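Engineer: To start, I am sharing the structure in question, which I have written as structure tokens.
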Amino acid sequence: MVSSILRTEKLCKSFSNGGVQQHVIKNLDLDIEKGDFTVIMGASGSGKSTLLYALSGMDKPSMGKVFFDGTQIQDYSNDELAVFRRGNCGFVFQSVYLLENQTVLDNVLTGALIVQKNTPELATKAKELLKKVGLKDEDLKKYPNQLSGGEAQRVGIVRAIINDPKILFADEPTGQLNSASGKDVLDILSDVHKNGQSIVMVTHDLKTALRATRVIFLRDGGIVGEYRMPLYGTDDEKERRSNLQQFLDEMGW
Amino acid sequence: MKIFRLSLFNIKKNKKEVIAIIFLTFITVFLMSAVVSSANNMNSAFDESFEKTGCVNNMIIMPKEKYREEYINILKEDPGISDVKRTGILEAMVGAGIVRDKSGDTIAYNMYITTEQTEKEYENFVKTDMLDEPVINNLDHYIWLPSPFEVTLGYKPGETFTFVSGGRDYPFTIAGFYEAGLMSSSGYGYKLIVSERDYELLSYIYTEKYCISFNAYEEWDRTEYFEMCTDATGENLSSVCYSYDYEGEKQIESVFLLIFLLLSSFLSMVTLVATVFLIRRKISNDIEDQMIQIGVLEALGYRSAEISLAYIYEYVFSSGIGAVLGGIVSVICLPLLNGIVGNMMGRSFQGTKNSGGVGIIVLIVTLVVTGFALLKARTVKKFPPVMALRKGIQTHHFGRNILPLEGRKGNINVWLALKDFFINIRSGLGACICITAAGAAILFAANMLDFFKKGTDGLVSIMGCDMAEEQIELTNGVDAYSIRDEIAGLDGVRKVRVSYGYPYLKIAGSADDATVIIFDDFTLSENIFTNEGRYPEHDNEIMISVGRSKKEGYRLGDSITVINDGIEKSYVITGIVNTMMNGGFGVYLTTDGYLRINPNARPGSVEVYLEKDVDRKEFENVLTDMYGSNAGEVRSGTDTDGDLESRIRRVADEKMAVLISEYGVTDIDYAIHIDDKVISGDSRGYVIKNISSFKDLTKSQMEPISESIKLYSIGALILIALVVSVILWIITVSNIRRQRQSLGIMKSMGYSSKDLMVQMGIKFMPVTIVATFFASIVAAYLMKAFWIMGFGIDKGMNMTVIVVVDILIVLFCYYVTYLSAGRIKKISVTELMTE
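Residue numbers (the numbering used here), protein chains in the order written: chain A, 1 to 253; chain B, 254 to 1088.
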């Protein structure tokens, strides 16, 4: 039996906008299983990113419960959430968000050293991962502004997985990349997933969503549909795309 | 208009920082205005007061027996000198003038006592605060005190003022206070006025001397006059007299106020530097933060100069408000400041409102702040539109990777903080200057506080002479060495040494005569510490003060010629010592060395060092039991009880006491024949001429100074700590705003707010440590200047205090920065990253 890594009960998130409460997530129940590659889709403003941040402990829900590996995290203080994130989660952002004043290698190590001891093995691991995603030795000494968007995002992914997180969150990781770079990034994520990594990703792109094993469709802060697919690469891609398209059409996407 | 709106937006967005800059400019202008007003008022307070008194500008006090008619004649022959008069005046100096203070304890003052009629020979006798005339007329014993007793020491008309002599109290009712031109300070002495009858009474207690008073012209040279006196009489007048003049009185009354003014101007410079630095730092951060907006404005056709103005308006506004408020408050507080000036000088003073001067300061500070802001804001022109729209590519770091994280051991927060510090090291320069200035002020104030925390103990420790509890002046002919040995055997006596007193000698080529401190063996002294060299050991060796060394250029190994009554002797300088004696011009000779220049000298007193728990009054009673009443006490007796013989004996005793204590008579025998009875007696029972305490005098002179400096130091410490906190708070807040995205990224990686706050704190530590080091050097020079200017001594800093305060400054800066970074807690990860 596959166990759940992340679960929500009646999750709500609202924002105050000029004194008016806007309910972005409403009584949402969700169960994410270990090893799943879950993609959250929906129209703009449907609450995709808000849900991702609430699930990952980046933001606190207004109401409801979030269980991570059976532990409730919604009442954690900000610092407790930080400790929770460093031990359990990895993040890949649409805008990459690398530290501008640090080299590629230091960006990765900054993420690692808050969790792990600074051993030669750690640096070797970081370098190997960076090479694995296609970066060359000389790139490791570069600063973020000297990288292309795709290269920067690959650094972002390595930074996210360097601590072997229990779950990897990705917020439109290909949103600012051209199609070639976007494909490279998705291939890396698929590889990571095949190695057993649980992933939750927000996207509004069909090609990106094809990598998922489970697609959740969000509308007005609630889940309105769900679609499961086999592991990417194990089935016919055309058929996979057609079925997913059909599901999304049904959702009114 | 768009530019002005951007400015208003910045003000609205950064309200707290605007308030902080208002606060700093407020403090700057307030302190500067206070300094300028007080400096002006210091001059006018003395000049106005002196002019009002109509006082002669010179007085020379000498023992009656040393007076020669030539002294007056020389003055009268000088056409530029007027109002030459000789009067009698009672002297109670160097521990002899003991009074009971308000709490009932005894305290010593340097005092002169005169009558109303004689007072009018010196000055106009301007009364400031007094009882009604009929009330005064009904008083048995009344006294007029100079204004410092009211202004500084808090006495009121109608209160009791009590002289203490020979164990007896002589209470007087304070009739009122008057403005004294000369003799109105604790250092030079106070002039007190009593009735003719009471003057007569007190002349039994205190020694009557002659006072030559006169008005001299500005160029008149006292040293030249003394030389003329010596030529005319063959006697050295300068070594036996006290001289008072306008300039000396003004200097002694204003020296500490001057020091406070210098310190306050330093503080105001610290706040000004802090303000300018802060504004430059903030503009720099704002430009970086608003780079894209700048690019958009440039793309729309705004010139860089116009955009720069957006950053100027904000600071013209905030510094202008702070400066104007500081100016207004300083004008409002002017009466209070005048009160402080008057209080410190001991003169009641109204002062004038120098609003024009304050206005100029307001303008200057605003212009300085605006000027520096403009210079920094001009950096906008370095960013053409494309570069600005790309978030000023120049702001990114492409250089060598400083402190790469690979292989680093230890706490990651420390390394990340240090890495960020080194990457932005240039921005730390301004902070370093700022903290150096503030740190120097803190170190200075802390050293002052440490030195003055135990009241006068600190000052006593740098007096440069031993402070025995009792100075026992012996009658002429008494063997001081045998008395020393007898007293040394008494309970509670720690040590006794014979003393030649503190005679004055002339130094060849110097306008400053020297008080001589004489010891058989200086290694036995308890409060004389060499600054350089060693104690004199042989009769041709001398030790001089730091003040004399600095003023007259003497160094170790130099020869110095000492003159006494026509005898000139040369001495080799073996040591240079810190001393406040004689205004910092004392010299030190061994007994043999002193006998070279004054072969006829005999020790005339003993100095008694008591154990800590010994009651001095009880000890004096023991001395009375052993040696009988002292001459000073006997001559002040006024009892009229007893039969005829005892009354005659008492009068005879009093006459003998006067002859012994005042005229130096050594042996008296008397026989009085009344009817068939002969009453006879002699003076051989008198051993002690007078008992006084140098320690008491030091306390009365130094306590107000030490208390003022202590309070000032505490105030300065609080103010600077506040200024430093504001500086660090603004820097930190500004840094958080500039680095919010990086902070958000770090938070997303799992760095807690506390981690980031620690990083913020540590990031500032290298700056603080370097700045504290420089601050220690600056403070050392400040302290040196303070001691030389104020006390004529070269005193180092207390290294323990320096190290402790340095550590405290670093910790204080760390914690203020850490706490200021607390706003990181309030910002969520997503807000930080996407704001």
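Backbone N, C-alpha and C fix where the C-beta goes; we use that ideal spot for every residue, glycine too.
Note that the structure is predicted; figures quoted are calculated from it, not measured.
CA-CA distance, residue 821 of chain B and residue 320 of chain B?
Structural biologist: Going by the C-alpha atoms only, they are around 23 Å apart.
Engineer: For a minimum of 4 consecutive residues, which ranges assigned as the alpha helix (DSSP H) are wholly contained in the segment 428–468 of chain B?
Structural biologist: Here the runs fully enclosed are 449–455.
Engineer: Among the residues of its own chain, which have a CB less than 7 Å from the CB of residue 699 of chain B, if the five just before and after it don't count?
Structural biologist: Taken in chain order, the residues that qualify are 970, 1054, 1058.
Engineer: Residues in the same chain with beta-carbon distance under 6 Å from residue 312 of chain B, minus the five sequence neighbours each way, listed in chain order, please.
Structural biologist: Counting only Cβ-Cβ distances below 6 Å, and skipping sequence neighbours, we find 435, 464, 466, 497.
Engineer: Mind checking the segment 106–121 of chain A against chain B and listing, in chain order, the residues whose C-beta falls within less than 8 Å of any C-beta there?
Structural biologist: Those would be 106, 109, 110, 111, 113, 114, 115, 118, 120, in chain order.
Engineer: Show which residues of chain B have a CB atom less than 7 Å away from the CB atom of residue 43 of chain A.
Structural biologist: Those do not exist, as residue 43 of chain A stays about 20 Å from chain B at its closest Cβ, beyond 7 Å.
Engineer: When you compare only the Cα positions, how much space is there between residue 739 of chain B and residue 841 of chain B?
Structural biologist: Approximately 27 Å between the Cα atoms of the pair.
Engineer: Of all Cβ atoms in chain A, is any one closer than 9 Å to the Cβ of residue 659 of chain B?
Structural biologist: Judged by the 9 Å Cβ criterion, residue 659 of chain B is in contact with chain A.
Engineer: Measure the CB-CB distance between residue 172 of chain A and residue 208 of chain A and report whether it falls below 9 Å.
Structural biologist: Their beta carbons are under 9 Å apart, which means residue 172 of chain A touches residue 208 of chain A by this criterion.
Engineer: If you check the beta carbons only, do residue 342 of chain B and residue 324 of chain B fall under 9 Å apart?
Structural biologist: Not in contact: residue 342 of chain B and residue 324 of chain B (Cβ atoms no closer than 9 Å).
Engineer: Could you tell me the boundaries of the alpha helix (DSSP H) in which residue 401 of chain B lies?
Structural biologist: Looking at the DSSP string, the run of the alpha helix (DSSP H) that includes residue 401 of chain B is 401–404.
Engineer: Leaving out five residues on either side along the sequence, give the residues of the same chain with a beta carbon under 7 Å from the beta carbon of residue 658 of chain B.
Structural biologist: Excluding positions up to five away in sequence, the list reads 668.
Engineer: Would you say residue 177 of chain A lies against chain B (beta-carbon separation less than 9 Å)?
Structural biologist: False, the Cβ-Cβ gap to chain B never drops below 9 Å.
Engineer: If you draw a straight line from the alpha carbon of residue 129 of chain A to that of residue 641 of chain B, how long is it in whole angstroms?
Structural biologist: When rounded, the distance between both Cα atoms is 35 Å.
Engineer: Confirm, please, whether the CB-CB distance from residue 851 of chain B to residue 818 of chain B is below 9 Å.
Structural biologist: In this structure, residue 851 of chain B lies closer than 9 Å to residue 818 of chain B by Cβ.
Engineer: Can you give the Cα-Cα distance for residue 1047 of chain B and residue 831 of chain B, rounded to whole angstroms?
Structural biologist: The straight-line gap from Cα to Cα measures roughly 6 Å.
Engineer: Whole angstroms is fine: what's the gap from residue 10 of chain A's alpha carbon to residue 180 of chain A's?
Structural biologist: If you take the alpha carbons of residue 10 of chain A and residue 180 of chain A, they lie about 39 Å apart.
Engineer: In the structure shown, what three-state DSSP assignment does residue 392 of chain B receive?
Structural biologist: Correct three-state label for residue 392 of chain B: coil.
Engineer: Straight-line CA distance for residue 240 of chain A to residue 564 of chain B?
Structural biologist: Taking the straight line joining both Cα atoms gives about 58 Å.
Engineer: Given this structure, state the Cα-to-Cα distance separating residue 534 of chain B from residue 685 of chain B, to the nearest angstrom.
Structural biologist: Answer to the nearest angstrom: the Cα atoms are 12 Å apart.
Engineer: Can you pull out the residues from the segment 997–1014 of chain B whose beta carbon lies closer than 7 Å to at least one beta carbon of chain A?
Structural biologist: Those would be 998, 1000, 1001, 1002, 1003, 1004, 1005, 1006, 1007, in chain order.
Engineer: If we call anything under 9 Å between Cβ atoms a contact, is residue 8 of chain A one with residue 91 of chain A?
Structural biologist: Not a contact, by the Cβ cut-off of 9 Å.
Engineer: Around the C-beta of residue 227 of chain A, are 16 or more other C-beta atoms found within 10 angstroms, so that it is buried, or is it exposed?
Structural biologist: Burial call: buried.
Engineer: Who does residue 12 of chain A pair with in a DSSP beta bridge?
Structural biologist: Answer is A:63.
Engineer: Which same chain residues, not among the five before or five after residue 772 of chain B, have their C-beta less than 6 Å away from its C-beta?
Structural biologist: Excluding residues within five positions, the ones whose Cβ falls inside 6 Å are 778.
Engineer: Return the first residue and the last residue of the beta strand (DSSP E) that residue 23 of chain A is part of.
Structural biologist: Residues 20–33.
Engineer: Do you know how far the Cα of residue 566 of chain B is from the Cα of residue 257 of chain B?
Structural biologist: Looking at the two C-alpha atoms, the distance is approximately 7 Å.
Engineer: According to a CB-to-CB cut-off of less than 8 Å, which residues of the segment 10–23 of chain A neighbour chain B?
Structural biologist: Answer set for the segment 10–23 of chain A: empty.
Engineer: Rounded to the nearest angstrom, what separates residue 476 of chain B and residue 730 of chain B at their Cα positions?
Structural biologist: About 34 Å.
Engineer: Going along the chain, which residues of its own chain have a beta-carbon closer than 8 Å to the beta-carbon of residue 59 of chain A, five neighbours each way excluded?
Structural biologist: Taken in chain order, the residues that qualify are 13, 50, 53.
Engineer: With a threshold of 8 Å, are at least 3 pairs of Cβ atoms found where one atom belongs to the segment 389–398 of chain B and the other to the segment 443–450 of chain B?
Structural biologist: With a cut-off of 8 Å, the segment 443–450 of chain B and the segment 389–398 of chain B count as touching, because enough Cβ pairs lie within range.
Engineer: Apart from the five residues on each side of it in sequence, which residues of its chain come closer than 7 Å, Cβ to Cβ, to residue 1040 of chain B?
Structural biologist: If we look at residue 1040 of chain B and ignore the five residues flanking it on each side, its Cβ neighbours are 1046, 1047, 1048.
Engineer: Leaving aside the five residues before and after residue 892 of chain B along the sequence, list all residues of the same chain whose C-beta is less than 6 Å from its C-beta, in chain order.
Structural biologist: No answer about residue 892 of chain B holds up, because its pLDDT of 48 lies below 50 and its placement is not dependable.
Engineer: Which same chain residues, not among the five before or five after residue 706 of chain B, have their C-beta less than 6 Å away from its C-beta?
Structural biologist: Taken in chain order, the list of residues that qualify is empty.
Engineer: Using a Cβ cut-off of 9 Å (strictly closer), state whether residue 989 of chain B contacts chain A.
Structural biologist: Judged by the 9 Å Cβ criterion, residue 989 of chain B is not in contact with chain A.
Engineer: Classify residue 647 of chain B: buried if its beta carbon has 16 or more other beta carbons within 10 angstroms, exposed otherwise.
Structural biologist: Its pLDDT being 49, under 50, residue 647 of chain B is placed unreliably by the model, and the measurement read from it follows with that caveat. Looking at its Cβ environment, which holds fewer than 16 other Cβ atoms inside 10 Å, residue 647 of chain B is exposed.
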